[in-house]
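From first to last, the protein sequence lines stand for chains A and B. Reminder that position 110 of the first sequence reads as 110 in this note's numbering, one-by-one numbering, no gaps. In this note's numbering, each number is its position in the second sequence, counted from 1, plus 1000. A short worksheet on the structure shown next.
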Amino acid sequence: GQQVMQIPQYQHVQEGEDFTTYCNSSTTLSNIQWYKQRPGGHPVFLIQLVKSGEVKKQKRLTFQFGEAKKNSSLHITATQTTDVGTYFCAGRGGATNKLIFGTGTLLAVQP
Amino acid sequence: NAGVTQTPKFRILKIGQSMTLQCTQDMNHNYMYWYRQDPGMGLKLIYYSVGAGITDKGEVPNGYNVSRSTTEDFPLRLELAAPSQTSVYFCASRETDRVIPNTGELFFGEGSRLTVL
Chain A
1 GQQVMQIPQY QHVQEGEDFT TYCNSSTTLS NIQWYKQRPG GHPVFLIQLV
51 KSGEVKKQKR LTFQFGEAKK NSSLHITATQ TTDVGTYFCA GRGGATNKLI
101 FGTGTLLAVQ P
Chain B
1001 NAGVTQTPKF RILKIGQSMT LQCTQDMNHN YMYWYRQDPG MGLKLIYYSV
1051 GAGITDKGEV PNGYNVSRST TEDFPLRLEL AAPSQTSVYF CASRETDRVI
1101 PNTGELFFGE GSRLTVL
């Protein structure tokens, strides 16, 4: 079945450093979403990408959808302690077209 | 605006017991979902519903049942609880597609933490 993998599983950065997480799907996706989950919290929607090669920005966050619509990335510029949490991608595609969540990347930011 | 509300927040079950996790949303969303999240892992889809009276299996449906008698409510039933069902359960909803099919953000409840001993 469809699988969505993320790397790295864990990243520890100093405040002010940049951070990137990558999402790879085993099948072509119709769209991809990104969510953030604070420790002990629930996932909160960040953004959705639909078009091949699409790039969207939200302040210090930059999201990309690959040309082949099988991968995506989230880049955070100059991390802050408020960026701490787990970032999940969620892709829709394959035979079932269900939304499948990636394995997540846990970001720790040291002040 | 309550959004998606889950109860209970915490529960401890003994092996073999049954229980229902409640989920209700006040946004008039047609789509509703149940996910489970094991420690340090992603979310796995258990069941979903595209509207009242319609439910379908997700990735990991075994050991669970759902019903959708109203638009607002989507309870998840655990029969004969097993230690493997120890997890955090999230209910989510989204509105019907407006322009592009199968898009739209999920709104999550705060989760129900279940331990089976």
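For every residue, glycine included, the Cβ atom is placed at its ideal position computed from N, Cα and C.
Anything in chain A within Cβ reach of residue i, meaning under 9 Å, just list it in chain order.
{"i": "glutamate 1110/B", "result": "Gly41, His42"}
{"i": "leucine 1013/B", "result": "Result: empty, since nearest Cβ-Cβ is about 21 Å, beyond 9 Å."}
{"i": "phenylalanine 1090/B", "result": "His42, Pro43"}
Need the endpoints of the beta strand (DSSP E) that residue i sits in, please.
{"i": "arginine 60/A", "result": "Segment: none, arginine 60/A is in no beta strand (DSSP E) and carries neither H nor E."}
{"i": "serine 1069/B", "result": "Serine 1069/B -> no beta strand (DSSP E), and no H or E assigned at all."}
{"i": "serine 30/A", "result": "29-37"}
{"i": "alanine 173/A", "result": "Here chain A has residues from 1 to 111 only, and residue 173/A is not among them."}
{"i": "aspartate 1097/B", "result": "That residue, aspartate 1097/B, is in no beta strand (DSSP E); it is neither H nor E in DSSP."}
{"i": "threonine 1115/B", "result": "1112-1116"}
Let me see if you follow: with CB-CB separation under 8 Å, is residue i close to chain B or not?
{"i": "threonine 105/A", "result": "no"}
{"i": "glycine 53/A", "result": "no"}
{"i": "phenylalanine 19/A", "result": "no"}
{"i": "phenylalanine 88/A", "result": "yes"}
Which chain B residues sit within Cβ distance under 8 Å of residue i?
{"i": "glutamine 48/A", "result": "Thr1103, Gly1104, Glu1105"}
{"i": "glutamine 33/A", "result": "Glu1105, Leu1106"}
Indicate whether at least one CB of chain A lies closer than 8 Å to the CB of residue i.
{"i": "leucine 1021/B", "result": "no"}
{"i": "phenylalanine 1010/B", "result": "no"}
So, is residue i buried or exposed, given that buried needs 16 or more other C-beta atoms within 10 angstroms?
{"i": "arginine 38/A", "result": "exposed"}
{"i": "isoleucine 76/A", "result": "buried"}
{"i": "histidine 12/A", "result": "exposed"}
{"i": "lysine 59/A", "result": "exposed"}
{"i": "alanine 1002/B", "result": "exposed"}
{"i": "proline 43/A", "result": "buried"}
Going by DSSP, which residues form a beta bridge with residue i?
{"i": "histidine 75/A", "result": "Thr20/A, Thr62/A"}
{"i": "serine 1049/B", "result": "Met1032/B"}
{"i": "valine 44/A", "result": "Lys36/A"}
{"i": "glutamine 1022/B", "result": "Thr1007/B"}
{"i": "isoleucine 112/A", "result": "As shown, chain A starts at 1 and ends at 111. That puts residue 112/A outside it, with no answer to give."}
{"i": "glycine 7/A", "result": "Going by the sequence as given, residue 7/A is isoleucine instead of glycine. BP columns for isoleucine 7/A point to Tyr22/A."}
{"i": "aspartate 1056/B", "result": "Tyr1048/B"}
{"i": "phenylalanine 1108/B", "result": "Ala1092/B"}
Whose Cβ in chain A lies nearer than 7 Å to the Cβ of residue i?
{"i": "methionine 1032/B", "result": "Under the 7 Å cutoff, chain A gives no residues; its nearest Cβ is about 13 Å from methionine 1032/B."}
{"i": "glycine 1042/B", "result": "Phe88, Phe101, Gly102, Thr103, Gly104"}
Please list, in chain order, the chain B residues whose beta carbon lies closer than 7 Å to that of residue i.
{"i": "lysine 98/A", "result": "Leu1045, Gly1058"}
Check whether the Cβ of residue i lies closer than 8 Å to any Cβ atom in chain D.
{"i": "threonine 103/A", "result": "In summary, chain D is missing from the structure at hand, where the protein chains are A and B."}
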